[in-house]
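**Student:** First the structure, then my questions, so here it is.
There are 2 protein chains.
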Amino acid sequence: MGSQGGGRQPKYQRIALELKAAIETGEYGPGDRLPGENDLMAAHAVARMTARQAIGVLRAEGLAEARKGAGVFVREYRPIRRRGVQRLSAGLWGEGRSVWSMDAEGWDLKLDSVSVAEESPPEAIRSLLGLAEGAPVCLRRRRYALNGRPVMLATSHLDAGLVAGTAITEIDTGPGGIYARLGEIGHRPVRFREEIRSRMPAPLETDRLSLPAGTPVVLIRRTAFTEEGTAVEVNDMVLDSSAYILEYDFTP
Amino acid sequence: MGSQGGGRQPKYQRIALELKAAIETGEYGPGDRLPGENDLMAAHAVARMTARQAIGVLRAEGLAEARKGAGVFVREYRPIRRRGVQRLSAGLWGEGRSVWSMDAEGWDLKLDSVSVAEESPPEAIRSLLGLAEGAPVCLRRRRYALNGRPVMLATSHLDAGLVAGTAITEIDTGPGGIYARLGEIGHRPVRFREEIRSRMPAPLETDRLSLPAGTPVVLIRRTAFTEEGTAVEVNDMVLDSSAYILEYDFTP
DNA sequence: TAGTGGTCTAGACCACAGT
DNA sequence: CTGTGGTCTAGACCACTAT
Chain H
1 MGSQGGGRQP KYQRIALELK AAIETGEYGP GDRLPGENDL MAAHAVARMT
51 ARQAIGVLRA EGLAEARKGA GVFVREYRPI RRRGVQRLSA GLWGEGRSVW
101 SMDAEGWDLK LDSVSVAEES PPEAIRSLLG LAEGAPVCLR RRRYALNGRP
151 VMLATSHLDA GLVAGTAITE IDTGPGGIYA RLGEIGHRPV RFREEIRSRM
201 PAPLETDRLS LPAGTPVVLI RRTAFTEEGT AVEVNDMVLD SSAYILEYDF
251 TP
Chain S
1 MGSQGGGRQP KYQRIALELK AAIETGEYGP GDRLPGENDL MAAHAVARMT
51 ARQAIGVLRA EGLAEARKGA GVFVREYRPI RRRGVQRLSA GLWGEGRSVW
101 SMDAEGWDLK LDSVSVAEES PPEAIRSLLG LAEGAPVCLR RRRYALNGRP
151 VMLATSHLDA GLVAGTAITE IDTGPGGIYA RLGEIGHRPV RFREEIRSRM
201 PAPLETDRLS LPAGTPVVLI RRTAFTEEGT AVEVNDMVLD SSAYILEYDF
251 TP
């Protein structure tokens, strides 16, 4: 028949809409198997590519997930609540506890992999840290996993000269982490700025976070300032958007 | 030839990668026209559907935008900086200025459409506002546009009983907006909470924000509390993620 | 009108999962 | 094994844009 055939809206959209409605009414719950390509071809008398396209709509909206050789399944959404302000209270990281242990109340969020390096920073970060051109930064790359599933990548940038000789350049930064160590050398962070963006992930992020198609990432750039107003750390984070709700409390 | 043919990675991914590299090196700048389906078919000796798939990768990542009958073009990214804390300083909205006028420094962000209604709220919002079951809320739906392009939808929910008879139920809330009017009736908001999520847009959001494929939305739910700790307003916002950077400053 | 992207067909081979 | 989704082909008609 070529093009649209019967209705005025594309077949694949009609099929996608029908599937979405079935999910919304609870006919298919989180984790349930949806009709696959062959089912849709038979049920709607369309070609494989058309059935695929319908499924593609749900995938792009993050509603469904295709597992090769197994089928198409309804996605689940159970985010962690990340409190932007309280979690950085000095009382918490000042003595012992990691900044991250509060992230997932009762859940099992843990450090998955760490690497430390010294590199030449991108211009934007270099100028934030107030470093001279060509000055190296200490880079701490980390990945966090929730119940075994990776949910966040974090990369901290610090003046390499400033932190040389401290535990910040070690894999294990010790009790209280980076901020406690910075305090010990007279650069205790007291003020923070978090900048938030969102976009679709780059292939490398898709890979490192095992993201299914249709899941955006949230980017947080946190800059930590000392009492004097100097930026001592820039932490670039990449979050699986389906894993997080960010919360900020403030009294302007 | 069937399946993968030459290399070990799919043809469409190789083609997509090549296009992305060309964008990254600046060969194609923002707004430039990219090779279209026909160009890619000729250049790589592939079928139309394969060329389409390659372009689909760039669209899904938000890098390119297809305009029917015209071609495929490199997307632009020029976000507004939205300061979460300072923008709510009472000094700003206390006398006259709108909370929103600060959003876009020098840009032309303006209210695009407003509607006011009284409805029965969803359970989550009803309980946030501490209302009895079945109690109605005053709903203010607004859309904001930046240089004519819609970038945000906002829906405020307030206790209908509380705001009855005030300008909050009018299209024009008067100088200082909702928060100034709440102050006048003894419910001045002093504390705010913003919760942030991100996901792919629903079709209705895609439509109202004119979003190209591959653009996530950012959801902000702001709850405004009085000195007594009562929630007086819940504002649900839907932002075009490519139009915004959110900024939060705090001293924990 | 010529060219573009949007949609669609009816086949095909492959890698992978569980059935 | 069978069935699944992933990839690919070589055609086709349509609506839309720009000339």
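These protein sequences, in sequence, are chains H and S.
Sequential numbering from 1 applies to the first sequence in the UniProt record's numbering.
Sequential numbering from 1 applies to the second sequence in the UniProt record's numbering.
Note that CB positions come from ideal geometry on N, CA and C, so glycine has one too.
These figures come from a predicted structure and were not determined experimentally.
According to DSSP, H:Pro150 sits in a beta bridge with which residue or residues?
**Tutor:** Answer is H:Ala145.
**Student:** Tell me whether S:Pro121 is buried or exposed, calling it buried when 16 or more other Cβ atoms sit within 10 Å of its Cβ.
**Tutor:** With 16 or more other Cβ atoms within 10 Å, it is buried.
**Student:** Using a C-beta cutoff of 9 Å, does S:Gly54 count as contacting chain H?
**Tutor:** As written in the sequence, residue 54 of chain S is Ala, which differs from the Gly given in the question. With 9 Å as the cut-off, S:Ala54 does not count as an interface residue toward chain H.
**Student:** Assuming H:Arg126 is part of the alpha helix (DSSP H), what are its boundary residues?
**Tutor:** That run of the alpha helix (DSSP H) goes Glu123 to Leu128.
**Student:** Identify every run of the alpha helix (DSSP H) within the region 172-217 of chain H, keeping only runs that are complete inside it and at least 4 residues long; order them along the chain.
**Tutor:** 177-184 and 203-208, all fully within the region 172-217 of chain H.
**Student:** Take S:Glu194 as the anchor and find which of S:Pro252, S:Asp236, S:Arg143 and S:Glu133 has the nearest alpha-carbon.
**Tutor:** Here the closest residue by C-alpha is S:Asp236.
**Student:** According to the neighbour-count rule (16 or more other Cβ atoms, all chains shown, within 10 Å of its Cβ), is S:Gly31 buried or exposed?
**Tutor:** With fewer than 16 other Cβ atoms within 10 Å, it is exposed.
**Student:** Is S:Val85 near S:Tyr248, with beta carbons less than 9 Å apart?
**Tutor:** Their beta carbons are under 9 Å apart, which means S:Val85 touches S:Tyr248 by this criterion.
**Student:** Once you ignore the five residues that flank H:Ser115 on each side, which residues in its own chain have a CB closer than 6 Å to its CB?
**Tutor:** These residues qualify, in order along the chain: Arg141.
**Student:** What is the DSSP secondary structure of H:Lys11, reduced to helix, strand or coil?
**Tutor:** Correct three-state label for H:Lys11: helix.
**Student:** Let me know if S:Ala60 comes out buried or exposed under the rule of 16 or more other beta-carbons within 10 Å of its beta-carbon.
**Tutor:** Per the 10 Å Cβ criterion, buried.
**Student:** Expressed to the nearest angstrom, what Euclidean distance is found between the alpha-carbon atoms of S:His187 and S:Ala145?
**Tutor:** Cα to Cα, the separation comes out at about 30 Å.
**Student:** Using a Cβ cut-off of 8 Å, pull out every chain H residue sitting near S:Ala60, in sequence order please.
**Tutor:** The answer, in chain order, is Ala60, Met200 and Ala213.
**Student:** Could you tell me the alpha carbon to alpha carbon distance between S:Arg87 and S:Ile178, rounded to whole angstroms?
**Tutor:** Rounded to whole angstroms, S:Arg87 to S:Ile178 spans 14 Å at the Cα level.
**Student:** Under the three-state reduction of DSSP, which class applies to H:Ser98: helix, strand or coil?
**Tutor:** Its pLDDT being 46, under 50, H:Ser98 is placed unreliably by the model, and the measurement read from it follows with that caveat. In the structure shown, H:Ser98 sits in coil (DSSP, three-state: anything other than H, G, I, E or B).
**Student:** Which residue marks the beginning of the beta strand (DSSP E) containing H:Asp112, and which one marks its end?
**Tutor:** Note, H:Asp112: beta strand (DSSP E), Leu109 to Glu119.
**Student:** What's the C-alpha gap between H:Pro201 and S:Gly161?
**Tutor:** Rounded to whole angstroms, H:Pro201 to S:Gly161 spans 45 Å at the Cα level.
**Student:** Can you tell me which of H:Arg52, H:Ser242, H:Tyr28 and H:Met152 puts its alpha carbon nearest to the alpha carbon of H:Asn38?
**Tutor:** Cα-wise, what sits closest to H:Asn38 is H:Arg52.
**Student:** Mapping the DSSP letters down to three states, classify S:Asp39 as helix, strand or coil.
**Tutor:** S:Asp39 falls in the helix class under three-state DSSP.
**Student:** For H:Ala104, which three-state DSSP category applies?
**Tutor:** Only weak support exists for where H:Ala104 lies, its pLDDT of 49 falling under 50; the coordinates are left without a value.
**Student:** Quick check on S:Glu61: does DSSP put it in helix, strand or coil?
**Tutor:** It is coil, neither helix nor strand.
**Student:** Got a sec, what are the start and stop residues for the beta strand (DSSP E) residue 322 of chain S sits in?
**Tutor:** For chain S, the structure presents residues 1 to 252; residue 322 of chain S sits outside this window and is missing.
**Student:** Would you say S:Asp236 faces chain H, with C-beta separation under 9 Å as the test?
**Tutor:** S:Asp236 does not count as touching chain H.
**Student:** Hey, would you say S:Val163 sits closer than 9 Å to S:Thr169, going by beta carbons?
**Tutor:** Yes, these two residues count as a Cβ contact at 9 Å.
**Student:** Comparing C-alpha positions only, which one of H:Arg221, H:Thr206 and H:Arg222 sits nearest to H:Thr215?
**Tutor:** Nearest of H:Arg221, H:Thr206 and H:Arg222 to H:Thr215, Cα basis: H:Thr206.
**Student:** Which residue or residues does DSSP assign as beta-bridge partners of H:Ser156?
**Tutor:** Per DSSP, H:Arg140 and H:Asn235.
**Student:** When the Cα atoms are used, what is the spatial distance from S:Tyr28 to H:Ala43?
**Tutor:** C-alpha separation (whole angstroms): 44 Å.
**Student:** Would you mind giving the Cβ-Cβ distance between H:Glu241 and S:Ser198, rounded to the nearest angstrom? I have them listed as a contact below 8 Å.
**Tutor:** Sequence inspection shows Ser at residue 241 of chain H; the Glu mentioned does not correspond to that position. Correct: roughly 4 Å between the Cβ atoms.
**Student:** Would you kindly work out how many angstroms separate the C-alpha atoms of H:Leu139 and H:Glu118, rounded to a whole number?
**Tutor:** Computed Cα separation, rounded: 6 Å.
**Student:** On the CB-based measure, 16 or more other CB atoms within 10 Å of its CB, does H:Leu111 come out buried or exposed?
**Tutor:** By the 10 Å Cβ count, H:Leu111 comes out exposed.
**Student:** Check this for me: beta carbons of S:Arg222 and S:Phe192, under 9 Å apart or not?
**Tutor:** For S:Arg222 and S:Phe192, yes; Cβs fall inside 9 Å.
**Student:** How should H:Thr173 be labelled, buried or exposed, when 16 other C-beta atoms within 10 angstroms of its C-beta is the threshold for buried?
**Tutor:** That one is buried.
**Student:** Reducing DSSP to helix, strand and coil, say where H:Gly84 ends up.
**Tutor:** Of the three classes helix, strand and coil, the one that applies to H:Gly84 here is coil, per DSSP.
**Student:** Rounded to whole angstroms, what is the Cα-Cα separation between S:Ile245 and S:Val218?
**Tutor:** Going by the C-alpha atoms only, they are around 10 Å apart.
**Student:** Tell me whether H:Val163 sits in a helix, a strand or coil according to DSSP, three-state version.
**Tutor:** Note: H:Val163 maps to helix in three-state DSSP.
**Student:** So which residues of chain H does S:Met49 contact, with C-beta pairs closer than 8 Å?
**Tutor:** The contacting residues are Met49.
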